[in-house]
Amino acid sequence: MELIVNGSRYTFEGQVSVTEMLEILEIRSSRVAVELNRKIVGKGDYGATILRDGDRIEVVHFVGGG
Amino acid sequence: MELIVNGSRYTFEGQVSVTEMLEILEIRSSRVAVELNRKIVGKGDYGATILRDGDRIEVVHFVGGG
Amino acid sequence: MELIVNGSRYTFEGQVSVTEMLEILEIRSSRVAVELNRKIVGKGDYGATILRDGDRIEVVHFVGGG
Amino acid sequence: MELIVNGSRYTFEGQVSVTEMLEILEIRSSRVAVELNRKIVGKGDYGATILRDGDRIEVVHFVGGG
Amino acid sequence: MGTALTIGNRQFQSRLILGTGKYPDFPTMVKALEVSGTEIVTVAVRRVDLTGKSGESLLDYLDESKYLILPNTAACYTKEDAIRTAMLAREAGMSEMVKLEVIGDEKTLFPDTEQLIEASAYLVKEGFTVLPYTNDDPIVARKLEDVGCAAVMPLAAPIGSGLGVRNPFNLRILLEQARVPVIVDAGVGTASDAAIAMELGCDGVLMNTGIACARDPVQMAEAMKLAVMAGRKAYVSGRIPRKLYATASSPLDGTFF
Amino acid sequence: MGTALTIGNRQFQSRLILGTGKYPDFPTMVKALEVSGTEIVTVAVRRVDLTGKSGESLLDYLDESKYLILPNTAACYTKEDAIRTAMLAREAGMSEMVKLEVIGDEKTLFPDTEQLIEASAYLVKEGFTVLPYTNDDPIVARKLEDVGCAAVMPLAAPIGSGLGVRNPFNLRILLEQARVPVIVDAGVGTASDAAIAMELGCDGVLMNTGIACARDPVQMAEAMKLAVMAGRKAYVSGRIPRKLYATASSPLDGTFF
Amino acid sequence: MGTALTIGNRQFQSRLILGTGKYPDFPTMVKALEVSGTEIVTVAVRRVDLTGKSGESLLDYLDESKYLILPNTAACYTKEDAIRTAMLAREAGMSEMVKLEVIGDEKTLFPDTEQLIEASAYLVKEGFTVLPYTNDDPIVARKLEDVGCAAVMPLAAPIGSGLGVRNPFNLRILLEQARVPVIVDAGVGTASDAAIAMELGCDGVLMNTGIACARDPVQMAEAMKLAVMAGRKAYVSGRIPRKLYATASSPLDGTFF
Amino acid sequence: MGTALTIGNRQFQSRLILGTGKYPDFPTMVKALEVSGTEIVTVAVRRVDLTGKSGESLLDYLDESKYLILPNTAACYTKEDAIRTAMLAREAGMSEMVKLEVIGDEKTLFPDTEQLIEASAYLVKEGFTVLPYTNDDPIVARKLEDVGCAAVMPLAAPIGSGLGVRNPFNLRILLEQARVPVIVDAGVGTASDAAIAMELGCDGVLMNTGIACARDPVQMAEAMKLAVMAGRKAYVSGRIPRKLYATASSPLDGTFF
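Here you go:
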């Protein structure tokens with residue numbers, strides 16, 4: 122299965138949830154937000170949200186800014 | 122027949138056209154514009170435009186301004 | 122004997138020194154300066170400086186200023 | 122005879138007046154001023170003023186300035 | 004002058020636009036307009052006074068062969084009023100040019116730029132040559148250009164305030180980005196204010212109070228004419244750079260002391 | 004213009020005084036002087052070049068029937084040098100006017116006002132009409148008047164800096180107290196700088212670098228001419244007061260919306 | 004200080020808000036934030052870097068018990084992007100405050116006020132506490148208030164320009180009309196710029212480049228802290244009026260000479 | 004603070020010098036001095052009032068273990084009066100420091116720099132540590148240094164005017180050339196004025212009216228203390244350069260829209 126995460130293609134074996142994707146991509150911080158196909162996924166829904174081939178995901182966090 | 126011209130009531134006897142109204146009100150300048158119930162009346166239509174009781178007319182011209 | 126102290130005339134009986142004049146005029150502060158006929162009288166010379174009729178004396182101190 | 126004109130040494134044969142010096146140096150303009158040993162020489166005195174060995178002469182004129 | 008100011012498809016030799024309000028009397032206005040050399044004068048649109056028979060009419064005093072009459076939409080606080088006024092002005096004046104104002108606030112007479120952009124877009128589509136009175140925000144100016152305005156007219160300072168160009172920085176940025184004429188409108192109080200606007204690179208200056216309410220309006224009109232020309236000429240002449248220190252004007256060599 | 008500038012016993016129609024230094028070439032200078040309308044031009048006093056036979060002479064280019072030649076004492080750092088230069092200039096030029104400079108510092112070319120006052124006093128006694136280049140200190144200006152100077156010429160900013168009037172407050176105070184003409188000398192960079200000086204009430208402006216070193220000196224000369232006239236006219240016309248808020252130029256009654 | 008800055012339902016003792024961008028390194032930022040006394044720090048929202056494993060995370064360095072994290076929507080050129088960014092920020096940060104930016108132009112980073120008003124209205128309805136970065140136009144500020152913004156944050160000058168308050172006149176007018184806190188955002192270059200903003204009556208100052216890019220960011224942070232306090236205290240202390248002339252500080256009577 | 008202000012052979016932690024004139028009452032003055040952190044206070048020299056027995060004496064309120072008393076020669080219009088006053092002050096105060104004023108004009112209270120230089124030279128020879136109140140002319144400042152003054156104290160604006168630094172250009176030049184401390188004396192109206200003076204590189208600020216005549220002198224004294232510290236810290240921190248355009252504070256990469 123192929124997902125587009127933060128603009129780059131990633132291949133995953135079998136079905137993955139948002140939680141699993143974050144683990145596989147080694148994103149451990151709790152202070153991120155996830156968008157799936159332009160819709161925000163609430164933190165409580167990470168486990169139940171199963172990703173599908175071709176899904177576009179954004180994982181954002183805070184960086185220095187003014 | 123009563124018309125509201127520039128916010129004031131004026132009484133006219135019988136039917137009057139825009140041309141006649143301007144004459145009666147002694148507005149002789151060609152450099153005015155006439156609005157009948159919020160619609161502009163073209164200069165060419167003054168004669169053919171017959172006013173009706175209760176019509177609201179604005180007759181405007183140019184004054185000093187910046 | 123008449124002295125002009127700070128622009129006003131004062132009459133003294135008999136000879137007076139600067140020390141005596143300051144006492145009589147009830148100027149007790151040590152933080153004044155005394156000028157006798159445009160010459161400064163040092164603090165150490167107050168006692169020995171005997172004033173003469175017509176002498177002009179200035180007694181100044183510090184006031185608020187910027 | 123040696124003169125110092127405008128800071129440079131010039132050698133002249135025999136006695137020269139200011140008038141002659143100006144001619145020899147090809148300074149034709151009437152709009153100059155001449156200083157002989159720090160004293161101004163009036164235009165009327167150019168002919169009668171005979172220069173001496175070692176004299177310091179300044180010949181100045183107007184140049185562009187603000 | 005050589006260089007002409009082009010607005011829409013019209014060309015003008017003068018870069019000074021004058022208002023016609025607030026003069027002590029019409030003859031003074033006439034003389035001021037004349038000595039100013041202006042070719043465009045602004046006017047307001049108001050009801051004909053039916054009761055007072057207020058004798059004289061502004062247009063009787065304006066030689067339309069000399070001046071282009073530019074109606075404004077002064078005192079309009081909504082885009083609807085501004086559009087309606089512009090429509091009436093066109094009908095009365097037979098020209099398609101309008102100085103578009105949508106005022107946002109009575110105290111400052113600053114424009115409501117949001118409505119201004121919308122009204123501009125509408126009137127451009129209706130065939131008007133729109134000259135909007137705007138703030139000095141370069142983003143707003145670009146949007147006004149994008150909807151088809153023939154010029155942008157940023158304020159130097161509040162109308163009638165006489166404060167001159169309050170923010171030359173914004174104006175410089177606005178000018179760099181502009182592809183239509185930029186005419187400073189409002190806030191000019193004296194000749195140097197007009198010169199400064201022109202030196203920044205503005206294409207023209209529009210003013211009213213600064214002349215009409217001067218102690219001697221006619222002479223001030225001449226001052227403004229000269230100032231606009233002076234500022235323009237200085238702009239194209241390439242001024243010297245600013246330096247903290249001095250540079251001598253007189254030569255350093257040839258000194259005898 | 005009507006109002007003339009009076010210096011000593013001479014009257015001038017133009018309020019602009021120009022330097023003759025730093026022009027790209029003499030013909031450009033001639034044209035610039037001509038279009039500027041100036042009637043007074045400053046020159047420096049230097050040694051005749053005996054070696055180079057440097058062909059052309061400044062005075063060949065200056066029509067003395069049109070311009071009063073005003074020698075300066077530029078580059079003099081002591082009152083003795085300044086007095087000596089003034090004496091030589093009078094001898095060469097047959098006029099008794101001098102633009103007196105006693106420079107205090109090479110980097111800023113600011114005047115040494117202490118020596119300036121003394122040199123002024125001396126030259127006045129020698130029969131000169133002294134126009135001193137000074138700072139913007141009103142106390143110094145008054146002293147220069149007191150010793151008999153025919154005008155005072157405060158700097159707007161360092162010579163050649165093009166910074167314009169750096170301290171209008173000092174200049175205003177100086178002007179209020181002055182009983183002789185006040186001519187801003189030095190620091191003018193562009194037309195509005197000259198206009199501002201005149202609007203403050205100055206009687207004239209003297210400049211050199213601002214014109215001579217502009218990209219187009221001739222056109223800048225014209226800009227400066229216009230700016231000085233504009234500023235003067237604005238000054239006598241009585242400008243409107245400055246206000247924080249707006250005042251409408253178009254009437255508020257007669258609106259139909 | 005006594006007087007607290009209230010934004011929405013939160014109260015702050017410090018009137019200084021700092022950005023977290025462009026510091027030489029995180030430890031310097033931490034120290035600068037600390038000495039500044041700030042209680043609110045802005046952050047940007049960006050993609051997590053999946054490839055580089057770029058070690059350190061900003062939030063590791065920000066003590067959230069001391070600082071309220073205020074996400075911005077920097078680099079958003081449309082209201083849609085700004086809204087989307089604000090939504091993600093809320094999700095990531097669990098706070099409903101947002102510094103709303105809708106940029107209109109890459110070169111100036113001036114706001115697109117038309118879209119800003121619309122995005123503000125939308126986000127307020129979505130429950131956000133919106134702090135919009137806006138221009139210094141009082142009409143726009145009022146509209147932002149009208150749609151429910153918790154503060155307005157006009158720029159002093161372009162972001163990162165260090166030019167200070169370019170138009171104190173506009174800011175004064177804006178302040179007089181404001182009913183929510185006014186926080187100057189962008190353009191502060193040095194301590195006096197911050198003091199001036201506060202003396203005009205602003206409720207706070209937001210800055211980033213002025214501190215982060217100073218040669219010594221930590222000391223500049225302290226300077227800014229002191230300057231904001233100084234400006235505020237001067238504002239509430241009632242400054243003396245400006246006068247053209249002098250008034251002696253020392254008494255005129257009692258002189259002996 | 005670390006960096007101390009050195010005048011003559013004395014060192015001070017505070018860079019703020021305060022006058023003692025014009026306070027509503029002595030207790031307010033005492034509090035203002037205290038919160039300001041000043042270590043030097045100026046006083047005037049006047050006749051003791053022999054008739055009125057005017058109860059309280061200034062010195063009763065000044066803790067001389069905390070403050071160095073700096074007598075001034077205010078209201079002296081000649082060098083003779085100034086010298087005489089300085090002599091008396093030394094006799095009364097037992098310190099050799101004097102704030103030397105030779106006033107040139109009643110309306111502006113500008114210094115008479117010619118006499119000031121002469122009086123300074125005289126008093127230096129008499130063993131005084133002379134701190135002259137001067138104009139902002141760098142040439143005069145250099146002469147004051149040359150005759151041995153321990154500092155130069157240029158005015159920012161007329162005494163009591165509250166106009167702030169009127170000519171930062173002159174002050175910058177003066178500062179570049181100075182080899183003794185430069186203390187801005189007179190004209191400071193509010194906190195940012197003091198900060199600006201310090202940011203230009205001045206070593207200290209002397210003020211009186213700005214604090215004493217503020218609505219709340221004590222709080223204004225604190226504002227001034229903070230402002231002087233803020234300005235100094237900003238000066239040594241190396242401010243960012245001024246730019247016409249923007250530079251983003253938030254990163255441009257990592258955007259997801």
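Chains as they are written, first to last, in the numbering used here: chain A, 122 to 187; chain B, 122 to 187; chain C, 122 to 187; chain D, 122 to 187; chain E, 4 to 260; chain F, 4 to 260; chain G, 4 to 260; chain H, 4 to 260. Every residue gets a Cβ at the ideal spot worked out from N, C-alpha and C, and that includes glycine.
Minimum Cβ-Cβ distance from residue i to chain H less than 9 Å
i	result
Leu8/G	no
Ala144/E	no
Phe133/C	no
Phe113/E	no
Leu203/E	no
Contact with chain F by residue i, beta-carbon distance below 9 Å
i	result
Glu156/B	yes
Local conformation of residue i per DSSP, three classes
i	result
Lys236/F	helix
Glu179/C	strand
Ala47/G	strand
Tyr125/F	helix
Thr54/F	coil
Ala173/H	The residue asked about is misnamed: residue 173/H is Asn in this sequence, not Ala. Here Asn173/H sits in helix by DSSP.
Ala154/C	strand
Val126/B	strand
Leu158/F	coil
Pro244/F	coil
Thr132/A	strand
Val187/G	strand
Ile148/C	coil
Met4/F	Residue placement at Met4/F is flagged as unreliable, the pLDDT there being 44, under the threshold of 50; the coordinate-derived value follows with that caveat. In the structure shown, Met4/F sits in coil (DSSP, three-state: anything other than H, G, I, E or B).
Thr76/E	coil
Boundaries (first-last residue) of the alpha helix (DSSP H) holding residue i
i	result
Tyr136/G	Here Tyr136/G belongs to no alpha helix (DSSP H); instead the beta strand (DSSP E) covers 132-137.
Extent of the continuous beta strand (DSSP E) run through residue i
i	result
Val38/F	Val38/F -> not in any beta strand (DSSP E); alpha helix (DSSP H) instead, spanning 29-39.
Pro15/H	A small fix is needed here, since residue 15/H is Phe in this sequence, not Pro. Unbroken beta strand (DSSP E) run through Phe15/H: 13-15.
Ile20/E	19-22
Ile161/B	160-162
Min CB distance residue i to chain B below 9 Å
i	result
Pro254/F	yes
Pro30/E	no
Cα-Cα separation, residue i to residue j
i	j	result
Tyr80/G	Arg49/G	15 Å
Thr76/F	Ile142/F	23 Å
Ile148/A	Ser138/A	14 Å
Glu179/G	Leu103/G	23 Å
Leu62/F	Gly207/F	24 Å
Chain G contact for residue i (CB, 9 Å cutoff)
i	result
Asp175/F	A small fix is needed here, since residue 175/F is Arg in this sequence, not Asp. Cβ-Cβ to chain G under 9 Å: yes for Arg175/F.
Arg315/E	This structure does not reach residue 315/E, given that chain E is present from 4 up to 260, and the question cannot be answered.
Cβ separation of residue i and residue j, assumed to be a contact under 8 Å, to the nearest whole Å
i	j	result
Arg245/H	Gly165/G	5 Å
Leu91/G	Ile161/A	6 Å
Cβ of residue i within 9 Å of any chain E Cβ
i	result
Gln180/G	yes
Gly187/D	yes
Tyr70/F	no
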